[in-house]
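Contents: one structure, followed by commentary.
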Amino acid sequence: MSKHPKARKWITFFLRWGIAIAGIAWVLAKTPFRDRVLLVNSSSELMSARVLHEPAESAEKFEVIDPQTREAEIVNRADIWTQPDRRSVAVDFSGNNPRGPQDAKLLAIRPGAHHDIGAPPAELLVTNPNTGKPTRISPDKVPGGYYLRIPYPLVDIGLVRLVENARLLFLLGALLVLPISYFITSRRWHLLLEALDIHISQATAFVLNMVGSFYNSFMPGSTGGDLVKAYYAAKHTTHKVRAVLSVIVDRLIGVIALIILGGVMAFTQWSVPDCKRVAIGSAGLLLLTAVGLVVFYKRSWRQSTGLDWLLKHMPMQKQLNHAVEAMELYGRRPKAAFMALVMTFPVHITTIICGTLAGIAFGIDRQHMPLTYYWTVVPVITLVAAIPISPQGAGVMEAFAILLTKDHGVTVTQAIGLTNALRFGQMFWNLLAGLFVLRGGYHAPNEAEQEEMESDEPDAPNPDFPTAFQNPKQEPGADGSVQPI
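Following this line, the structure appears as structure tokens:
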């Protein structure tokens, strides 16, 4: 083997772990492990202080550790600030300013007598665009007034307290709902195998699916175990490339269903900016997928767009020929792919239910964000985890959860609790699937075994699949027939 594949392997390894480490570092920097409150000192600088004795949200006084003196002191409720519910605000710093109101970054809010939706705050802390320094202003400096959209809690509950006070019944429910997906995904993959004329029993497909799930627990992304599943599926048939392709198609169908579900639910909440962005992004991805499928299956388009030329000049022509033939089989048997797509929605629904129950367990209820918003957030988090850019989506899942929920009154700690519940719930059942590995002696394929998967049975040209790859001296005509060059 040349040095270049090894170099690519190490570069990919360091890139994935680098992303994971950077993401985890960012998350840790944002995560309060102990309860904290926001204070503003005499220089109008925002400070985060640890609060002691786990006070209730309605407390009138808080005992905190002053971040400057490191000594305990009592702080009145009226001196506590909260996170801002928007990024910036128009401020009239001077009534005679000819330029009128100026956009200023909103740093924090000091709640008024009523800390509810629609209530005016007592004070705002903004960055003065003229001086670049933090400035305290009254809400009447904002044209039209300032009213709370999302009342963030006064006390940012730490991760330790969040876990200690979690509602265990909801966490247990989140854990127990997940195994449903393993049975459905096994049946889905079995259908895709049969469509490629690979006939293994449903029980074998289930075992191989569980083995792949076990290796997903620690291989890069949440899809690393697919390599293992593909390897053992290939050992059950002479159609090795088809077996590998079935795993790839199985995963792609899962991703497409996830995009459809998340996009549709985001579209139903178009008024929410984050949902609007998710809906537009989902529509774009689905459009690209549809165009790609049409180009591939319409042979005249495949030729005119240059796709045939590209495929003909790619390496591993023998394996590519088998892969194209397998895709042609799916095109001739669309019912299998359609049924697999339909069966995928219950899989994602179980994950969304799991996320919803976990969120409720950690206090993310209707007062923070509508339950329907979980149908947008959880698919995006799950999709990020499925991309093999870091082990188990470490750091990346949390970042997306924080960004998607912060405008709904969800604290960083709660968002992290939600993502970890999803991750650890999946890992619990994936590790339990290790019983099948111990029982059957399955192992992750080494480099030699991975190369073995690239071999396939020698096939004579098949007239049912007149592609450009069965004979390098032939090209498909506009009607799909093979024409000599």
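Each number in this note's numbering corresponds to the 1-based position in the sequence shown with 148 added. By construction, the Cβ of each residue, glycine as well, lies at the ideal position given by its N, Cα and C atoms.
Have a look at the options and flag the residue whose alpha-carbon is nearest the alpha-carbon of residue i.
i: Leu194; options: Pro180, Gln216, Leu200; result: Gln216
i: Leu566; options: Leu583, Leu580, Asp513; result: Asp513
i: Gly503; options: Val442, Asn568, Cys423; result: Asn568
i: Met545; options: Leu583, Thr559, Ile529; result: Ile529
i: Thr559; options: Ile305, Gly280, Ala204, Val239; result: Ile305
i: Leu393; options: His347, Thr385, Ala474; result: Ala474
i: Ala270; options: Thr498, Leu400, Tyr445, Val290; result: Val290
i: Gly573; options: Asp456, Thr499, Phe548; result: Thr499
i: Thr561; options: Gly321, Thr386, Val526, Val308; result: Val308
i: His262; options: Tyr295, Arg284, Arg450, Thr283; result: Tyr295
i: Leu583; options: Phe210, Val212, Val359, Phe354; result: Val359
i: Asp345; options: His387, Thr437, Ile501, Asn364; result: His387
i: Val303; options: Ala197, Ile407, Phe162, Glu312; result: Ala197
Out of curiosity, what's the CA-to-CA distance linking residue i and residue j?
i: Gln231; j: Ala256; result: 5 Å
i: Ser448; j: Gln417; result: 40 Å
i: Ser419; j: Leu200; result: 39 Å
i: Ala381; j: Ala581; result: 17 Å
i: Ala155; j: Asp183; result: 46 Å
i: Asn278; j: Trp523; result: 42 Å
i: Pro203; j: Asp227; result: 15 Å
i: Gly410; j: Arg335; result: 23 Å
i: Ser329; j: His338; result: 14 Å
i: Asp240; j: Gly280; result: 15 Å
i: Ala405; j: Glu208; result: 49 Å
i: Pro327; j: Asp288; result: 54 Å
i: Leu489; j: Met462; result: 30 Å
i: Ala608; j: Leu468; result: Below a pLDDT of 50, predicted positions are generally treated as unreliable, and Ala608, at 42, falls in that range; no measurement from the model is reported.
i: Ile159; j: Gln250; result: 47 Å
i: Ala616; j: Val403; result: With a pLDDT of 41 at Ala616, under the threshold of 50, the modelled position of that residue is not reliable, and no figure is offered here.
i: Gly454; j: Phe444; result: 11 Å
i: Val376; j: Leu316; result: 35 Å
i: Arg425; j: Leu356; result: 37 Å
i: Val274; j: Ser192; result: 10 Å
i: Ser349; j: Val397; result: 19 Å
i: Asn276; j: Pro259; result: 20 Å
i: Arg481; j: Ala506; result: 39 Å
i: Glu476; j: Gly321; result: 42 Å
i: Lys460; j: Arg390; result: 19 Å
Would you give the residue range spanned by the beta strand (DSSP E) that residue i belongs to?
i: Asp183; result: From DSSP, Asp183 is part of no beta strand (DSSP E); its letter is neither H nor E.
i: Lys253; result: 250 to 258
i: Leu273; result: 271 to 275
i: Ile285; result: 282 to 285
i: Phe210; result: 209 to 213
i: Ser238; result: Here residue 238 is Ala; the residue named in the question, Ser, does not match the sequence. From DSSP, the beta strand (DSSP E) with Ala238 extends over 236 to 239.
Since residue i is in the alpha helix (DSSP H), which residue starts that stretch and which ends it?
i: Ala581; result: Neither: Ala581 is in no alpha helix (DSSP H) and is coded neither H nor E.
i: Asn357; result: 350 to 364
i: Met487; result: 482 to 509
i: Met195; result: Here Met195 belongs to no alpha helix (DSSP H); instead the beta strand (DSSP E) covers 194 to 199.
i: Val376; result: 373 to 382
i: Ile228; result: Note, Ile228: premise wrong, no alpha helix (DSSP H); not H, not E.
i: Val392; result: 388 to 415
i: Arg335; result: 328 to 343
i: Glu205; result: Run containing Glu205: none; DSSP gives neither H nor E here.
Assuming residue i and residue j make a contact with CB atoms under 8 Å, what is their CB distance in whole Å?
i: Arg297; j: Arg235; result: That belief does not hold up - the Cβ atoms of Arg297 and Arg235 are roughly 12 Å apart, past 8 Å.
i: Pro299; j: Gly557; result: 7 Å
i: Met487; j: Ile332; result: The Cβ separation is near 11 Å, so there is no contact.
i: Ala343; j: Ala471; result: Rounded, the Cβ-Cβ distance is 14 Å, inconsistent with contact.
i: Leu323; j: Phe576; result: 7 Å
i: Ala509; j: Leu319; result: 5 Å
May I ask you to check if the CB of residue i is nearer than 7 Å to at least one heavy atom of the ligand MN?
i: Ala256; result: With respect to the ligand MN, the structure shown offers nothing to examine, as it has no ligands at all.
Would you say residue i lies against chain D (beta-carbon separation less than 8 Å)?
i: His496; result: Absent from the structure: chain D. Only one protein chain is present.
Self-check item: Within the segment 438 to 464, ranges of the alpha helix (DSSP H) (whole runs, at least 4 residues)
Solution: If we require 4 residues or more, the alpha helix (DSSP H) runs fully inside the segment 438 to 464 come out as 447 to 452, 455 to 460.
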